[in-house]
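A.B. asks: Numbering (this note's numbering), first residue to last: -5 to 388. Just so it is clear, CB atoms sit at the ideal spot from N, CA and C, and this is done for glycine as well. Please find one structure pasted underneath; my questions will follow.
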Ligand SMILES: *Cc1c(COP(=O)(O)O)cnc(C)c1O
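Here's what the structure looks like:
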């Protein structure tokens, strides 16, 4: 099997697995208990907090452990909205291609009387900092722009947006779930106030993540209960998961450069190979993208059929985000970069793992070429395109 869906989730690293098992077996005390067995668990939590904080340039107390990226996104946005409401600021700036954990939270706020400006991400899949600046108003409480997109992999100019928000005194949140562990992120130089991350996107376990909240930024717990995480996230902490997350992040951080170098070479080979398929195109900017992400649209086919046939050949890929798979609507991300419905339906996302080989890349290229040609051979849409009844777009 070739696993090329690392944007959906990643395999647990052997190191993270051993830490997970070790703490599940040995450090199962409640971190809030005062006897030594509880305090050992507390020690695991605090060590993990220190390790994670160091990886992103934060202070220990600025890290809140959550159940993952979705919870972190919800907490960041709802906290900023609650603060804004108190100040009479009910306007939020975001983008059209955020993850659903962000978009659906914003939609909920819109129903409660907030106004949201969804910025265009242009054909290259990039938000323009000057458009962020122009969208900020007197009553803006929050800007939320993702670090790197989960479908097309484009990396946003987060540092520039952060500087604008700091200058305008508006809170800035970034969903960095796809970026953390893969590209360098520093909350100080990027000037972010809140940042979401999820362990299972960097070879840690599922169901655990963290929210960075800059000291002094108002944050509230989504969950009523105990005083864990300094009252900012109730519930007994997932000690084994958190320990494993820190181990996975440290590992990712210490191999980031070599991983990125290898992935960029594999990415270039894959993009070049897939570009030889006629009437297809890369989605998003060629260079400002995550090192492992390759996203294409092919005209005249259905992405879902392509995935199933690739699965038969032992290749795990995606048509966009795992969250929209199973629905017939084309991806909101591809529509946001201006792909028309027919084209957006023929999408393929390959998100490579660090251990992918040249041989595997060549196998993927051959299989995609073969399957696209096969699907086109009986596609009514392709027949119309070839007959000139419809115009090719790509
Ligand atoms: C995966 C993902 C999430 C959700 O994270 P979970 O830990 O699965 O809840 C949020 N945002 C982005 C960009 C993601 O890729």
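Please report how far the alpha carbon of residue 283 lies from the alpha carbon of residue 262, in whole angstroms.
C.D. replies: Between residue 283 and residue 262, the C-alpha separation is close to 12 Å.
A.B. asks: In three-state terms, what does DSSP make of residue 256?
C.D. replies: helix
A.B. asks: Could you tell me which of 226, 222, 220 and 219 sits nearest to residue 213, measuring between CA atoms?
C.D. replies: Considering only alpha carbons, the answer is 226.
A.B. asks: Any heavy atom of ligand 1 within a distance shorter than 7 Å of the CB on residue 209?
C.D. replies: no
A.B. asks: Say the cut is 7 Å; is the CB of residue 389 nearer than that to a heavy atom of ligand 1?
C.D. replies: The structure shown has nothing for residue 389, since the chain only spans -5 to 388.
A.B. asks: Buried or exposed: which applies to residue 80, given that a residue is buried once 16 or more other Cβ atoms fall within 10 Å of its Cβ?
C.D. replies: Exposed, since its Cβ has fewer than 16 Cβ neighbours within 10 Å.
A.B. asks: Using a Cβ-Cβ cutoff of less than 6 Å, which residues in the same chain neighbour residue 142 once the five nearest sequence positions on both sides are dropped?
C.D. replies: 149, 172, 173 and 284
A.B. asks: Compare the C-alpha of residue 137 against each of 124, 119, 146 and 156 and name the closest.
C.D. replies: Residue nearest to residue 137 within the set 124, 119, 146 and 156 is 156 (criterion: CA-CA distance).
A.B. asks: Tell me where the beta strand (DSSP E) around residue 188 begins and ends.
C.D. replies: 188 to 192
A.B. asks: Decide if residue 206 is buried, meaning its Cβ has at least 16 other Cβ atoms within 10 Å, or exposed.
C.D. replies: buried
A.B. asks: For a test of your reading of the model: does the CB of residue 79 fall under 7 Å from any non-hydrogen atom of ligand 1? Yes or no.
C.D. replies: no
A.B. asks: Hey, is residue 144 close to ligand 1, as in C-beta under 7 Å from one of its heavy atoms?
C.D. replies: yes
A.B. asks: Given residue 36, which residues of its chain have a CB within under 7 Å of its CB, disregarding the five upstream and five downstream residues?
C.D. replies: 25
A.B. asks: On a CA-only basis, which of 333, 139 and 267 is nearest residue 357? Give me that one, please.
C.D. replies: Ranked by Cα distance from residue 357, the first of 333, 139 and 267 is 267.
A.B. asks: Is it true that the CB of residue 295 sits closer than 8 Å to the CB of residue 373?
C.D. replies: yes
A.B. asks: Measuring only the C-alpha atoms, how far is residue 217 from residue 228?
C.D. replies: 6 Å
A.B. asks: Please classify residue 38: does DSSP put it in a helix, a strand, or coil?
C.D. replies: If DSSP states are grouped into helix, strand and coil, residue 38 belongs with the helices.
A.B. asks: Measuring CB to CB, does residue 176 end up less than 8 Å from residue 133?
C.D. replies: no
A.B. asks: On the three-pair Cβ rule with 8 Å, is the region 10 to 17 touching the region 328 to 340?
C.D. replies: A contact is defined here as three or more CB-CB pairs under 8 Å, and the region 10 to 17 fails this definition with respect to the region 328 to 340.
A.B. asks: Cβ of residue 191 within 8 Å of Cβ of residue 201?
C.D. replies: no
A.B. asks: Go to residue 352, then tell me how far its alpha helix (DSSP H) extends in each direction, as first and last residue.
C.D. replies: Residue range 352 to 371 is occupied by the alpha helix (DSSP H) that includes residue 352.
A.B. asks: Go ahead and label residue 106 buried or exposed: buried means 16 or more other beta carbons lie within 10 angstroms of its beta carbon, across all protein chains shown.
C.D. replies: Around the beta-carbon of residue 106, fewer than 16 other beta-carbon atoms lie within 10 Å, marking it exposed.
A.B. asks: Under three-state DSSP, which class holds residue 58?
C.D. replies: strand
A.B. asks: Using CA coordinates, which residue listed in 101, 94, 59 and 57 is at the minimum distance from residue 75?
C.D. replies: 101
A.B. asks: Could you pull the start and end residues of the beta strand (DSSP E) that residue 203 belongs to?
C.D. replies: Residue range 203 to 207 is occupied by the beta strand (DSSP E) that includes residue 203.
A.B. asks: Taking only three categories from DSSP, how would you classify residue 343?
C.D. replies: strand
A.B. asks: According to the neighbour-count rule (16 or more other Cβ atoms, all chains shown, within 10 Å of its Cβ), is residue 168 buried or exposed?
C.D. replies: Burial state of residue 168 is buried, judged by a 10 Å Cβ sphere holding 16 or more other Cβ atoms.
A.B. asks: For residue 93, count the other beta carbons within 10 Å of its own beta carbon; 16 or more makes it buried, fewer makes it exposed. Which is it?
C.D. replies: Burial of residue 93 is indicated by the presence of at least 16 other C-beta atoms within 10 angstroms of its C-beta.
A.B. asks: Alpha carbon to alpha carbon, what distance is there between residue 197 and residue 7?
C.D. replies: 5 Å
A.B. asks: How close, in whole Å, do the beta carbons of residue 344 and residue 300 come, if the pair is a contact with beta carbons under 8 Å?
C.D. replies: No, residue 344 and residue 300 are not in contact; Cβ-Cβ is about 11 Å, not under 8 Å.
A.B. asks: Please classify residue 232: does DSSP put it in a helix, a strand, or coil?
C.D. replies: Three-state result, residue 232: coil.
A.B. asks: Considering only C-alpha positions, which residue in the set -5, 386 and 2 is nearest to residue 147?
C.D. replies: Out of -5, 386 and 2, 2 has the C-alpha closest to the C-alpha of residue 147.
A.B. asks: Checking the sheet assignment: what are the DSSP bridge partners for residue 290?
C.D. replies: 276 and 342
A.B. asks: Examine ligand 1 and report whether any of its heavy atoms sits within less than 7 Å of the Cβ of residue 93.
C.D. replies: yes
A.B. asks: Looking at the structure shown, is residue 135 part of a helix, part of a strand, or coil, going by DSSP?
C.D. replies: Secondary structure at residue 135: strand, using DSSP grouped into helix, strand and coil.
A.B. asks: In chain order, which continuous runs of the alpha helix (DSSP H) of length 4 or greater are located wholly inside the region 113 to 158?
C.D. replies: Entirely contained in the region 113 to 158, the alpha helix (DSSP H) runs reaching 4 residues are, in chain order, 123 to 129.
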